[in-house]
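Enquirer: For the numbering used here, count along the first sequence from 1 and bump the result up by 34.
From the three backbone atoms N, C-alpha and C, an ideal C-beta is built for every residue, glycine too.
Since the model is a prediction, treat every value here as computed from it, not as a measurement.
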Amino acid sequence: MQLLENLNKEQQQVVTTTEGPLLVLAGAGSGKTRSVIYRTAYLISEKHISPWNILVVTFTNKAARELINRLEINFGINTRSLWIGTFHSICSRILRYESALLPYDSNFSIYDDADQKTVFKKIYKELDIDKKFFSMGAVRNIISRQKNSLILPDDFFKFNEKNYYTETVHKIYNRYQKYLEENNAMDFDDLLLNTAYLLHDHSQILKKYQQKFRYVMIDEYQDTNYAQFKIVNLIASAHQNLCVVGDDDQAIYSWRGADIRNILNFEKDYKNVKTIKLERNYRSPKIILNLANSLIKYNDERHPKELWTSYEDDAVPILKVLQNERAEASFVADQIRQLQENKISLNSCVVLYRTNAQSRIFESTFVKYGIKYQIVGGVNFYQRKEIKDIIAYLRILVNPSDSESFLRIINYPSRGIGKSTMGKIIEFAFLNNITLLEAINSKIPTLSKWQQTNVNNFAQLTKSWQQLEVPLPKLVQKILDDLGLIDQFKNSKDPQEITRAENLQEFISACSEFYEQFLDENKEEPTLAEYLQNIALQTDLDNLDPQEESVKLMTMHNAKGLEFDYVFIVGLEEGLLPHSRSMDTNKELQEERRLLYVAITRTKKQLFMSYAKNRNIFGDSILTMPSHFIKEMDERFYKKEVVAKSSHINFDRKIVLESSKHFQIGDKVFHKKFGKGIILNVDGKDVDAKLTISFSGGKLKKIIGSYVTRI
DNA sequence: TTAAGTATGCTTTTT
DNA sequence: GCATACTTAA
Numbered sequence: 035m036q037l038l039e040n041l042n043k044e045q046q047q048v049v050t051t052t053e054g055p056l057l058v059l060a061g062a063g064s065g066k067t068r069s070v071i072y073r074t075a076y077l078i079s080e081k082h083i084s085p086w087n088i089l090v091v092t093f094t095n096k097a098a099r100e101l102i103n104r105l106e107i108n109f110g111i112n113t114r115s116l117w118i119g120t121f122h123s124i125c126s127r128i129l130r131y132e133s134a135l136l137p138y139d140s141n142f143s144i145y146d147d148a149d150q151k152t153v154f155k156k157i158y159k160e161l162d163i164d165k166k167f168f169s170m171g172a173v174r175n176i177i178s179r180q181k182n183s184l185i186l187p188d189d190f191f192k193f194n195e196k197n198y199y200t201e202t203v204h205k206i207y208n209r210y211q212k213y214l215e216e217n218n219a220m221d222f223d224d225l226l227l228n229t230a231y232l233l234h235d236h237s238q239i240l241k242k243y244q245q246k247f248r249y250v251m252i253d254e255y256q257d258t259n260y261a262q263f264k265i266v267n268l269i270a271s272a273h274q275n276l277c278v279v280g281d282d283d284q285a286i287y288s289w290r291g292a293d294i295r296n297i298l299n300f301e302k303d304y305k306n307v308k309t310i311k312l313e314r315n316y317r318s319p320k321i322i323l324n325l326a327n328s329l330i331k332y333n334d335e336r337h338p339k340e341l342w343t344s345y346e347d348d349a350v351p352i353l354k355v356l357q358n359e360r361a362e363a364s365f366v367a368d369q370i371r372q373l374q375e376n377k378i379s380l381n382s383c384v385v386l387y388r389t390n391a392q393s394r395i396f397e398s399t400f401v402k403y404g405i406k407y408q409i410v411g412g413v414n415f416y417q418r419k420e421i422k423d424i425i426a427y428l429r430i431l432v433n434p435s436d437s438e439s440f441l442r443i444i445n446y447p448s449r450g451i452g453k454s455t456m457g458k459i460i461e462f463a464f465l466n467n468i469t470l471l472e473a474i475n476s477k478i479p480t481l482s483k484w485q486q487t488n489v490n491n492f493a494q495l496t497k498s499w500q501q502l503e504v505p506l507p508k509l510v511q512k513i514l515d516d517l518g519l520i521d522q523f524k525n526s527k528d529p530q531e532i533t534r535a536e537n538l539q540e541f542i543s544a545c546s547e548f549y550e551q552f553l554d555e556n557k558e559e560p561t562l563a564e565y566l567q568n569i570a571l572q573t574d575l576d577n578l579d580p581q582e583e584s585v586k587l588m589t590m591h592n593a594k595g596l597e598f599d600y601v602f603i604v605g606l607e608e609g610l611l612p613h614s615r616s617m618d619t620n621k622e623l624q625e626e627r628r629l630l631y632v633a634i635t636r637t638k639k640q641l642f643m644s645y646a647k648n649r650n651i652f653g654d655s656i657l658t659m660p661s662h663f664i665k666e667m668d669e670r671f672y673k674k675e676v677v678a679k680s681s682h683i684n685f686d687r688k689i690v691l692e693s694s695k696h697f698q699i700g701d702k703v704f705h706k707k708f709g710k711g712i713i714l715n716v717d718g719k720d721v722d723a724k725l726t727i728s729f730s731g732g733k734l735k736k737i738i739g740s741y742v743t744r745i
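1. Just how far apart, CA to CA, sit G61 and Y304?
2. Using 10 angstroms around the beta-carbon of I520, count the other beta-carbons present and answer buried if the total reaches 16, otherwise exposed.
3. On the three-pair Cβ rule with 8 Å, is the region 313-322 touching the region 278-290?
4. Flag this pair as yes or no: are the beta carbons of T309 and L38 separated by less than 8 Å?
5. Can you tell me whether T50 sits near the ligand GTP, meaning its C-beta is under 7 Å from at least one heavy atom of the ligand?
6. Ends of the beta strand (DSSP E) at S448?
7. What is the rounded straight-line gap between the Cα of K477 and the Cα of Y416?
8. Using the three-state DSSP reduction, which class does P509 fall into: helix, strand or coil?
9. Compute the Euclidean distance between the alpha carbons of Y210 and Y255, then round it to the nearest angstrom.
10. For P660, which three-state DSSP category applies?
11. State the start and end residues of the unbroken beta strand (DSSP E) segment that holds F602.
12. On the DSSP bridge assignment, give the partners of F642 in chain order.
13. Relative to the C-alpha of E346, which candidate in W117, S584, E558 and K320 has its C-alpha closest?
14. So, do the region 395-411 and the region 353-372 have three or more beta carbon pairs nearer to each other than 8 Å?
15. Taking Cβ to Cβ, would you say A593 is nearer than 8 Å to L386?
16. Would T94 be called buried (16 or more neighbouring beta carbons within 10 Å of its own) or exposed?
17. I'd like the span of the alpha helix (DSSP H) that includes Q180, first residue to last.
18. What runs of the alpha helix (DSSP H), each 4 residues or longer, lie entirely inside the region 63-142?
19. Distance, Cα to Cα, Y207 vs I460?
20. What's the C-alpha gap between D574 and K166?
21. Do L129 and T229 have their C-beta atoms within less than 8 Å of each other?
22. For L57, which of V278, D554 and L514 has the nearest alpha-carbon?
23. Could you pull out every residue in the same chain whose Cβ sits closer than 8 Å to the Cβ of R248, ignoring the five residues on either side in sequence?
24. Given this structure, state the Cα-to-Cα distance separating L596 from R636, to the nearest angstrom.
25. Quick one: what's got a C-beta closer than 8 Å to D515's C-beta in the same chain, skipping five residues either side?
26. State the DSSP-derived secondary structure class of E201, mapped to helix, strand or coil.
27. How would you label Y131, buried or exposed, when you count the other beta carbons within 10 angstroms and need 16 or more for buried?
28. Under 6 Å Cβ to Cβ from F541, same chain only, skipping five residues before and after it: list those, please.
29. Using a Cβ-Cβ cutoff of less than 7 Å, which residues in the same chain neighbour Q500 once the five nearest sequence positions on both sides are dropped?
30. With the cut-off set at 8 Å, would you say R290 and T589 are in Cβ contact?
31. Taking all protein chains shown into account, do 16 or more other C-beta atoms lie within 10 angstroms of the C-beta of R73, making it buried, or fewer, making it exposed?
32. How many Å lie between T561 and Y549 at the Cα?
33. Could you tell me which residues DSSP pairs with C383 in its beta bridges?
34. What distance in whole Å lies between the Cβ atoms of A326 and I634, which are believed to be in contact at a cut-off of 8 Å?
35. Which residue's Cα is closest to the Cα of G452: S498, H613 and Q486?
36. Closer than 8 Å is the cut-off here; do at least three beta carbon pairs connect the region 616-634 with the region 322-341?
Printed below as a string of structure tokens:
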């Protein structure tokens, strides 16, 4: 059979074992994705299963897109009716179809992290909760865990001890869920939770999806949580045609509720499981695998396996020891420049770090070196303020219950609807049990004439948008035109504002792109609700421009499933990797170790690791210790290089720092916002000095010394 | 009421 | 070191 020719024996087994539960333990780089693609193709082309009956769950949208592309291009398969996507996107699709059975309608909003945060702030205020005692992060985390474990507010005390703390958390959880429901909104966890309960509570719905999804495949199974396990289990329990693919050594999301036992216990959860191990690696040189194996050996509780390869072209991994984080960034930049000189594409290089905060120094260093880069993660495009604002406008048009979005934009840009007007609108809506959008379309007796006019104008505006019958991108364009935001930003002197204008422009083109593609694939226009749900589930990885020739910067978590010729793993320091907040228990330490394992095994050609002896944290330089994972790695498989201490670098900096903060009348200074200026008067000393400065724009300002630098 | 100035608290990782 | 939240002044 031609389809099987390009696969090794184990992979062929994976592809042809179509019936019954199948566990594929696939090591890094063992052709996992390849097996999933071929298996899907095999089901369709050889077994004549309709794509409509197949469900494939991937870890990222990007992986889903790749699968679709390769099925279409390599196998000529029409994927239109194939269900393939992340758990979240599949669930949101199911929930939209079945919304009649839910306390939400099909136009529900999806609240992201930032939306969730604002809701929490509101609830804290409303319930008068002290955030000193109930750290918002911690509470949000607990609630997320409950949802991922399918524990509803009503069941909270069945599973949690009752005390003052948990009672308060329960109160918040309760209120939060109610608030979301009132807003016709779900957070990410709700997508899973509601789907699990939908299938669990409605046998006819469950039956429908069991019959539909006769073949189910789950990628990255080691990183599924209980809710996801339950959804899969409900659907697959009828026919048992479930294939899960994963690698327990690459489980790195337990903090998000993922339970590694899902993969370790698969053979117990299902009967007559066939297990296939893919241990041959097609990605990395032998020395990389040796290095990775020598590290991961220190973890217990794993399915025993060892990766092997016949790929011998060994460039020895380098471990570079640098003086500080700036030297580290320069080292990476120097290496990349060298690679560039050898005609190596920037696209084949990646810098991997533990925390997003580490990206900054690489950014500024790469700018200095003129190396093009793209950062994955950090602030997502769709989370920027100006983008969230326009999204809020779109949301209220499809989901008028979304008061969160409504309040965000009712007076932005400023249209004279202040606190008191807002209060009256909210009161009126509450008394009459209507949405805020309905309220502004009514006559509210408590409003003054002036207030009423402003409100009417806004109501008129939203109505005009709702009545527009134009394609999606045109609607977005019209709203932005009416608001005049782009022009306002464009004409600003503040470079940040100019970026905002560019971002909004970018938003319009991204919207058109989505529209065109959707039209092409589905032969019908996307609804606004579909568009909004799509962008809510987009990640930064999805927004990468593959055309652009650039080094990629990302966290090790984001690198999962990717591969690069040249990999730089930076910040191998105790406290960073393993992270200080993840080194209390052995369980956490093991996950940190797996994270490094994942990072190492991304490498196709050469690996560079580094750590800095000093690192700037929160402003001042801290003496660091090398990560103890370094000691664990077998020395035969890497070469350590220590840079001779060039003391003058540090010394110079100190001088510059001190002198730059010692201000005298007549000194030229630079301020982030106001630009260049001359000091006219100094009151006090150094960073605390109160300076009178004449800025180049002619403005006279009093500024504290710590806000400016001498130039 | 708004905008600038000042204080504060925070960072793990993400769909 | 930065973004956000609070305070103060116009």
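Expert: According to the structure shown:
1. 22 Å
2. By the C-beta density criterion, I520 is buried, having at least 16 other C-beta atoms within 10 angstroms.
3. no
4. no
5. With respect to the ligand GTP, the structure offers nothing, as it holds no ligand at all.
6. No beta strand (DSSP E) contains S448, which DSSP labels as neither H nor E.
7. 35 Å
8. Before going further, note that residue 509 is Leu rather than Pro in the sequence given. Here L509 sits in helix by DSSP.
9. 30 Å
10. strand
11. Here the beta strand (DSSP E) through F602 covers F598 to I603.
12. I352 and F602
13. K320
14. Under the 8 Å Cβ criterion, the region 395-411 counts as touching the region 353-372, having at least three qualifying pairs.
15. yes
16. T94 is classed as buried because its beta carbon has at least 16 other beta carbons within 10 Å across all chains shown.
17. M170 to N182
18. 66-79, 95-109 and 121-131
19. Cα to Cα, Y207 sits roughly 23 Å from I460.
20. 32 Å
21. Annotated as proximal: L129 and T229, with beta-carbon spacing under 8 Å.
22. V278
23. I83, N87, I88, H273 and N275
24. 6 Å
25. none
26. helix
27. exposed
28. Hits under 6 Å: I421.
29. So the qualifying residues of the chain are L431.
30. no
31. Burial call: buried.
32. Distance between the alpha carbons of T561 and Y549: 9 Å.
33. Y600
34. 5 Å
35. Q486
36. Yes, they touch.
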